[in-house]
Structures are given as structure tokens and as C-alpha cells.
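Remarks on the structure that follows.
In the working numbering, the protein residues as written are 1495 to 1647.
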């Protein structure tokens, strides 16, 4: 029993370290994210647990962070807040500990999407590559490695 308790305690400590805290994404969060990166480029990536291309892109973003730890990456899950455990596990699995993590926290998802980009209709993955002036290039579908490489330059 004592060993089980110690094992569970270690597992909890590891999982708390392995995945970033997931902040609630509500109206105004996109502006809050931009304000947190004044004069700096960043990536804003929207994804879902049920989207296979999203998971592939999360892997690419995790690799990008491993090779370029100074790059600002923000990932936003469009899943239900009830799935926070699975969301955190996927982020840890893809080595996104260095990313800011958010999750949709409003059931009126159309309003959240419109707050980010009025042209966005919900397709995933949806990624915005922001330059230092916060001009964004929006991309629907999985990013190609050369697109990320070009953005890094």
C-alpha cells in the first residue's frame, strides 16, 4: 500500500511537470495572447483531440520547440473543458511543455472562432503564424515543415 501511494505521488508530480497548465480560452483571449508577445512573432495553433492532422501538427510544433526553445508557441484545444486530462496528456506526448496551452471554455464556439478570425469556419487544424508586427498568415490544414522553416527566418 505504501509503495502504491509513493508511485501515485510520483505519477502526479510527473504529470504536473510534463504538461503545461491549460488556461480557459474565452472571448478576448486572442487579444490577451497577442498582448503577451509585444513586438515578437508567435504561432497560434488551434487543434482538437479528434483531429488526426492536428496531432501530426502538434508533433511538428513539439519538434520546433525542442530545436528552437525561444520560439513562442500557443496551442488552443477546441475540445470540451471536461477533456482537460486527455488534452494535457496529448500536449505532454508531443513535448509541448514550452508552449502556452489554452482550451475553449465557452460552449458557443462560433463566437470564440469569430473573436479570433471572422473568416474561420471551424476547420482544423487552424494555425496563425504571426510576425513581430503581429500580422498573421492563417493556414487551414496541417502545416508543411517548409512553411514553419520559412516562418522561422
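For each residue, glycine too, the CB sits at the ideal point set by N, CA and C.
Outcome for residue i when other beta-carbon atoms lying within 10 angstroms are tallied against a minimum of 16
i            : result
residue 1519 : buried
residue 1560 : exposed
residue 1662 : Here the chain covers residues 1495 to 1647 and nothing more, so residue 1662 does not appear.
Cβ shell of residue i (< 6 Å), same chain only, five flanking positions each side left out
i            : result
residue 1538 : 1568, 1622
residue 1588 : 1552, 1553, 1556
residue 1535 : 1624, 1625, 1626
residue 1517 : 1596
Close Cβ partners of residue i (< 8 Å) along its chain, the five nearest in sequence each way excluded
i            : result
residue 1635 : 1547, 1617, 1619
residue 1530 : 1594
Nearest residue (CA-CA) to residue i, options the options
i            : options                : result
residue 1528 : 1624, 1631, 1633       : 1624
residue 1525 : 1593, 1628, 1642       : 1628
residue 1578 : 1563, 1564, 1562, 1599 : 1599
residue 1639 : 1590, 1521, 1550, 1585 : 1550
residue 1571 : 1643, 1545, 1605       : 1545
Distance, residue j Cα to residue i Cα
i            : j            : result
residue 1523 : residue 1597 : 10 Å
residue 1558 : residue 1542 : 19 Å
residue 1630 : residue 1611 : 10 Å
residue 1614 : residue 1521 : 15 Å
residue 1594 : residue 1576 : 19 Å
residue 1564 : residue 1592 : 9 Å
residue 1642 : residue 1540 : 15 Å
Own chain, CB closer than 7 Å to residue i, minus 5 neighbours either side, in chain order
i            : result
residue 1533 : 1626
Task: Length at least 4, wholly inside the segment 1506-1572: the alpha helix (DSSP H) runs in chain order - done: Within the segment 1506-1572, the complete alpha helix (DSSP H) segments of 4 residues or longer fall at 1523-1529, 1546-1561, listed in chain order.
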